[in-house]
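Below is one structure; the comments refer to it alone.
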Amino acid sequence: MAEVVIVDSKEAAGEVSADLIEALVRRTPDAVLGLATGSTPLTTWSALAARALDLSAVRGFALDEYVGLPAGHPESYRSVITREVVEPLGLTPSLVQVPAESGPVETAGADYERAIVAAGGVDLQILGIGSTGHIGFNEPGSSFASLTRVKTLTQQTRLDNARFFDSTELVPTHCVTQGLGTIQRAGHLVLIAFGEAKAAALAGAVEGPVTASLPGSAIQLHSTVTVIVDEAAASEL
Ligand code: GLP
1 MAEVVIVDSK
11 EAAGEVSADL
21 IEALVRRTPD
31 AVLGLATGST
41 PLTTWSALAA
51 RALDLSAVRG
61 FALDEYVGLP
71 AGHPESYRSV
81 ITREVVEPLG
91 LTPSLVQVPA
101 ESGPVETAGA
111 DYERAIVAAG
121 GVDLQILGIG
131 STGHIGFNEP
141 GSSFASLTRV
151 KTLTQQTRLD
161 NARFFDSTEL
171 VPTHCVTQGL
181 GTIQRAGHLV
191 LIAFGEAKAA
201 ALAGAVEGPV
211 TASLPGSAIQ
221 LHSTVTVIVD
231 EAAASEL
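Numbering of the sequence shown is given in full-length UniProt numbering, commencing with residue 1 and proceeding in unit increments.
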């Protein structure tokens, strides 16, 4: 059963999630964080950055990456993670990995799984949720046992993410994402959601039937889950 924390602002969500990360890093300075991109965790990163905390030994694994963007593209998740997480938080760049950045896309999934296992697994995974109910880029229909692999993005997700590109056509069609099975292995899942557009997906994830039609519902199979939401995202709970 997830612990659900309803907050009155994105900033408050940032503080609550930063508290969880700070407690972990104070216990384990080289903790392994699962990093999500997207607008949702931005207040988590800014709250953490404002704390006098040495995060230089922290290791990180991004949830997902687009396939097919040129190296250095500003909207690749490597670029986003560098800009929004690594630099403001003072993480050590070489300790933060993104899928499919070294080596062929065909073996990217297995390579990434090996790297996560070699690091001892993810201690705390930050998650957003897509309007389709996706976590990472595990779109509806994804197997709960799935590991990191190449996936096709739904048209809805491409439309949702078109705001970061000059047009919808320029949004990649494929990605490499940690699987639902990969995410389940993290020690603690922290799912954050804001706004009415997420309310249905959030309610399905937290208290709907556990179903591959709503990948976020996989969090109900995990024993340690914190859900941090504003009132709008919580409105269908
Ligand atoms: C993106 C990412 C997810 C993210 C989600 C929500 O496509 N792959 O990891 O959680 O969609 O994004 P946002 O936080 O911007 O709403």
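We treat Cβ as the ideally placed atom computed from N, Cα and C, and that holds for glycine.
- Query: CB His188 to CB Leu20, shorter than 9 Å?
  - Reply: What you label residue 188 is simply residue 188 of the sequence shown in a count that begins at 1. What you label residue 20 is simply residue 20 of the sequence shown in a count that begins at 1. Against a cut-off of 9 Å, the Cβ pair of Leu20 and His188 comes out as a contact.
- Give the single residue among Pro74, Gly121 and Ser79 whose Cα lies nearest to the Cα of Ala31. Locating residue 31 in the sequence shown gives position 31, where the first residue counts as 1. Comparing Cα-Cα distances from Ala31 to each of Pro74, Gly121 and Ser79, the minimum goes to Gly121.
- From Ala36 to Ala205, what distance separates their C-alpha atoms? For this step, residue 36 is matched to residue 36 along the sequence shown. For this step, residue 205 is matched to residue 205 along the sequence shown. If you take the alpha carbons of Ala36 and Ala205, they lie about 17 Å apart.
- Query: Going by DSSP, which residues form a beta bridge with Gln125?
  - Reply: On the sequence shown, residue 125 is found 125 positions in, with the first residue counted as 1. According to DSSP, Gln125 bridges with Gly34 and Leu189.
- Task: For Val58, name the three-state secondary structure that DSSP assigns.
- Result: The residue labelled residue 58 in the question sits at position 58 within the sequence shown. Here Val58 carries a coil assignment [DSSP, helix/strand/coil].
- Query: Sorted by chain position, which residues of the same chain lie with C-beta nearer than 7 Å to His222's C-beta, five sequence neighbours on each side aside?
  - Reply: Here residue 222 is taken as the residue at index 222 of the sequence shown, counted from 1. For His222, where only same-chain residues beyond five positions count, the Cβ hits under 7 Å are Gln184 and Leu189.
- Message: Quick check: what's the CA-CA separation for Val79 versus Gly208?
- Response: Taking the sequence shown and counting its residues from 1, the one referred to as residue 79 is at position 79. Taking the sequence shown and counting its residues from 1, the one referred to as residue 208 is at position 208. In the sequence as presented, Val is not what sits at residue 79; that position holds Ser. Using only the alpha carbons, I get a separation of about 35 Å.
- Given Gln97 as reference, the closest of Gln220, Thr177 and Val16 once Cα atoms are compared: In the sequence shown, the residue the question calls residue 97 occupies position 97. Minimum Cα distance to Gln97 is reached at Thr177.
- Please say whether Gly133 and Ala201 have beta carbons closer to each other than 9 Å? Here residue 201 corresponds to residue number 201 of the sequence shown, with the count starting at 1. Here residue 133 corresponds to residue number 133 of the sequence shown, with the count starting at 1. It is a contact, given that the beta carbons lie within the stated cut-off.
- Task: For the beta strand (DSSP E) holding Val229, just list the boundary residues, first then last.
- Result: As a first step, residue 229 is located in the sequence shown; it is residue number 229 there, counting from the start. Looking at the DSSP string, the run of the beta strand (DSSP E) that includes Val229 is Val225 to Asp230.
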